[in-house]
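**Q** Here you go, one structure.
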Amino acid sequence: MSEAPAAPPTASADPVPTADSDLLLRPPRPRAGWRLLPARVVAMCTVELQKLRHDRTELYTRAIQPALWLLIFGQTFTRIRAIPTGGIPYIDYLAPGIIAQSAMFIAIFYGIQIIWERDAGILNKLLVTPTPRAALITGKAFAAGVKSLIQAVVVIVIAALLGVALTWNPLRLLGVAAAVVLASAFFSCLSITIAGIVLNRDRLMGIGQAITMPLFFGSNALYPVSIMPGWLQAVSRANPLSYQVDALRGLLLGTPAHLAADFGVLAVAAALGITVASSLLGRLAR
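All residue numbers for the sequence shown refer to this note's numbering, where the first residue is 6 and numbers rise by one.
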């Protein structure tokens, strides 16, 4: 007697796992090491810039002061011809200095925002996340740089309307953007460092107002270093704003500049600023 035929194997009701369904059962490995820091920096920078969507008033109001510098101070001193500028109109000489000044004024008060975040409890929530403190500070620093870059574009447009002979070479404009972002990153980290020391919004505001004008007048933004007294020349050489202005003049106007040294100083200053501000972030959150 022949055996009964074997029953066909029953098909499983479960679908065959695919690459997409495998991701649902097994989450992807989290980024670690060198891949984590850039992603968190970009995320923090994006969060900071999202605030501009809700309130653009700051961008409009901050455009008034550089416009007045160029319209009144620049055009008046162009007629006086009292400051040696190497044969270029004074308003042309002044425009890169005003770009640097307006960027610094945005960044130097960035610590007020982080004190507000501490008072609102936001900073403590950020610090308990896996995001490294260096990524938090770097994200905020480069967000300040992007805001300053928007301000720089406004000043460049005003200067162009006033007849300033600026370059429109794309590579040089990228260099201008890099100089603005690096310098703004340093000044915003300087502000966060001061915030980590004084721990108070009013004190930070007073110190910020006390150091902005000395930084501005102690640089080559308004006049050449060669006509300064000796002690002020020493201050100007230690002032990162002077290196930013020198780079901007060389890139926008084509005047003699030391671009390698300028960008080297700005990069080192930004890195040191991020390091020091990151070390004081925990003290600010206590």
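The beta-carbon is built from N, C-alpha and C at its ideal position, and this holds for glycine as well. Being a predicted model, the structure only gives us computed values, none of them experimental.
Whose C-alpha, out of 199, 183, 80 and 153, is nearest the C-alpha of residue 212?
**A** In the sequence shown, residue 212 corresponds to position 207, counting from 1. Among 199, 183, 80 and 153, the Cα nearest to that of residue 212 is on 199.
**Q** Would you kindly work out how many angstroms separate the C-alpha atoms of residue 92 and residue 133, rounded to a whole number?
**A** Indexing the sequence shown from 1 puts residue 92 at position 87. Indexing the sequence shown from 1 puts residue 133 at position 128. Going from the Cα of residue 92 to the Cα of residue 133 covers about 57 Å.
**Q** If I measure Cβ to Cβ from residue 120 and keep anything under 8 Å in the same chain, skipping five residues before and after, which residues do I get?
**A** Walking along the sequence shown from the start, residue 120 turns up at place 115. Taken in chain order, the residues that qualify are 200, 204, 205, 206, 209 and 289.
**Q** Report yes or no: do three or more beta-carbon pairs, one from the stretch 149-162 and one from the stretch 104-112, lie closer than 8 Å?
**A** Cβ pair count under 8 Å is three or more, so yes.
**Q** Evaluate the contact criterion for the stretch 178-194 versus the stretch 263-270: three or more CB pairs, one atom per stretch, below 8 Å.
**A** As far as the Cβ criterion goes, the stretch 178-194 touches the stretch 263-270, which means the pair count is three or higher.
**Q** Taking the alpha carbon of residue 228 as the reference point, which residue from 215, 239, 217 and 247 has its own alpha carbon closest?
**A** Working through the sequence shown from its first residue, we reach residue 228 at position 223. The shortest Cα separation from residue 228 among 215, 239, 217 and 247 belongs to 247.
**Q** According to the neighbour-count rule (16 or more other Cβ atoms, all chains shown, within 10 Å of its Cβ), is residue 250 buried or exposed?
**A** Residue mapping note: residue 250 aligns to position 245 of the sequence shown, counting from 1. Result: buried.
**Q** According to DSSP, is residue 174 helix, strand or coil?
**A** Your numbering for residue 174 matches position 169 in the sequence shown. Correct three-state label for residue 174: coil.
**Q** Give me the residue from 68, 237, 163 and 269 with the minimum Cα distance to residue 180.
**A** Taking the first residue of the sequence shown as 1, we reach residue 180 at position 175. It is 269 whose Cα lies nearest to the Cα of residue 180.
**Q** Quick check on this structure: which residue in 254, 112 and 69 has the alpha carbon closest to the alpha carbon of residue 169?
**A** Within the sequence shown, residue 169 is the residue found at index 164, counting from 1. It is 254.
**Q** Would you call residue 166 buried or exposed, if buried means 16 or more other Cβ atoms sit within 10 Å of its Cβ?
**A** By 1-based counting over the sequence shown, the position of residue 166 is 161. Counting Cβ neighbours within 10 Å, residue 166 comes out exposed, since fewer than 16 surround it.
**Q** Could you tell me the distance, in whole angstroms, from the CA atom of residue 35 to the CA atom of residue 142?
**A** Counted from its first residue, the sequence shown places residue 35 at position 30. Counted from its first residue, the sequence shown places residue 142 at position 137. At residue 35 the pLDDT is 48, less than 50, meaning the model places this residue with poor confidence; the figure from the coordinates comes in the next sentence. The straight-line gap from Cα to Cα measures roughly 22 Å.
**Q** If we count the other Cβ atoms within 10 Å of its Cβ and call it buried at 16 or more, is residue 130 buried or exposed?
**A** As a first step, residue 130 must be located in the sequence shown, where it is residue number 125. Exposed, since its Cβ has fewer than 16 Cβ neighbours within 10 Å.
**Q** Measuring only from the beta carbon, is residue 122 closer than 6 Å to any heavy atom that is part of the ligand GDP?
**A** Absence of the ligand GDP is noted for the structure shown, with no ligands found whatsoever.
**Q** When the Cα atoms are used, what is the spatial distance from residue 102 to residue 190?
**A** Locating residue 102 in the sequence shown gives position 97, where the first residue counts as 1. Locating residue 190 in the sequence shown gives position 185, where the first residue counts as 1. Distance between the alpha carbons of residue 102 and residue 190 is about 17 Å.
**Q** Label residue 74 either buried or exposed according to how many other C-beta atoms from any shown protein chain fall within 10 Å of its C-beta, with 16 as the threshold for buried.
**A** For the purposes of this step, residue 74 is taken as the residue at position 69 of the sequence shown. Buried: at least 16 other Cβ atoms inside 10 Å.
**Q** What ranges does the alpha helix (DSSP H) occupy inside the stretch 81-140, keeping only unbroken runs of at least 4 residues that lie completely in it?
**A** Complete alpha helix (DSSP H) runs here, min 4: 95-112, 115-124 and 127-132.
**Q** Work out the CA separation of residue 99 and residue 234 for me, nearest whole Å.
**A** By 1-based counting over the sequence shown, the position of residue 234 is 229. By 1-based counting over the sequence shown, the position of residue 99 is 94. Straight-line Cα distance between these residues: approximately 20 Å.
**Q** In the structure shown, what three-state DSSP assignment does residue 259 receive?
**A** In the sequence shown, residue 259 corresponds to position 254, counting from 1. It is coil, neither helix nor strand.
**Q** By DSSP, does residue 274 sit in helix, in strand, or in coil?
**A** Position 269 of the sequence shown holds residue 274. In the structure shown, residue 274 sits in a helix (DSSP, three-state: H, G or I).
**Q** Express the C-alpha separation of residue 80 and residue 283 in angstroms, rounding to a whole number.
**A** On the sequence shown, residue 283 is found 278 positions in, with the first residue counted as 1. On the sequence shown, residue 80 is found 75 positions in, with the first residue counted as 1. Roughly 43 Å separates the two Cα atoms.
**Q** If you run the structure through DSSP and keep just helix, strand and coil, what is residue 183?
**A** Indexing the sequence shown from 1 puts residue 183 at position 178. Note: residue 183 maps to helix in three-state DSSP.
**Q** Do residue 194 and residue 146 come within 7 Å of each other at the CB atom, strictly closer than that value?
**A** Within the sequence shown, numbered from 1, the residue matching residue 146 stands at position 141. Within the sequence shown, numbered from 1, the residue matching residue 194 stands at position 189. Cβ atoms of residue 146 and residue 194: closer than 7 Å.
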